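Some notes on the structure that comes next.
Residue numbers (my numbering): 177 to 248.
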């Protein structure tokens with residue numbers, strides 16, 4: 177199973193991605209985040225294999241969140 181965390185500040189985008197990914201047999205959506213800081217926190221807690229990051233999010237944008245995740 178591939179464990180996926182979805183991070184996007186638009187709920188409709190998160191829901192659309194979750195709906196599509198949940199149709200895939202080998203993917204498990206383990207969480208969602210509405211901003212970059214929440215994505216970093218959720219990734220630390222949930223240990224996903226993949227984080228789908230929006231680039232333009234409040235609190236911490238996707239690029240900055242990726243830098244933090246890469247450092248860990």
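We put the beta carbon where it would ideally sit given N, CA and C, even for glycine.
The structure presented is a predicted model; accordingly, all values stated were derived computationally and were not measured.
Name the DSSP beta bridge partners of residue i, please?
i           : result
residue 194 : In the DSSP output, where bridge partners are listed per residue, residue 194 has none listed.
residue 207 : 181
residue 229 : 183
Using a threshold of 8 Å, state whether the C-beta atoms of residue i and residue j are closer than that.
i           : j           : result
residue 245 : residue 239 : no
residue 222 : residue 183 : no
residue 234 : residue 185 : yes
Give every residue of the same chain whose Cβ lies closer than 8 Å to the Cβ of residue i, excluding the five residues on either side of it in the sequence, and list them in chain order.
i           : result
residue 187 : 210
If we cut at 8 Å on Cβ distances, does residue i have a partner in chain B?
i           : result
residue 238 : No chain B appears in the structure shown, which is made up of a single protein chain.
Here's the rule: buried if 16 or more other CB atoms are within 10 angstroms of the residue's CB, otherwise exposed. What is residue i?
i           : result
residue 224 : buried
residue 212 : buried
Hey, residue i and residue j are a contact pair by Cβ (cut 8 Å); roughly how many whole angstroms apart?
i           : j           : result
residue 226 : residue 178 : 6 Å
Within a Cβ cutoff of 7 Å, which residues of the same chain sit near residue i, ignoring the five residues on either side of it in sequence?
i           : result
residue 205 : 180, 182, 194, 197, 198
residue 219 : 181, 227, 245
Kindly list the residues whose CB is nearer than 6 Å to the CB of residue i, restricted to its own chain and excluding five residues on each side of it in sequence; keep chain order.
i           : result
residue 208 : 182, 190
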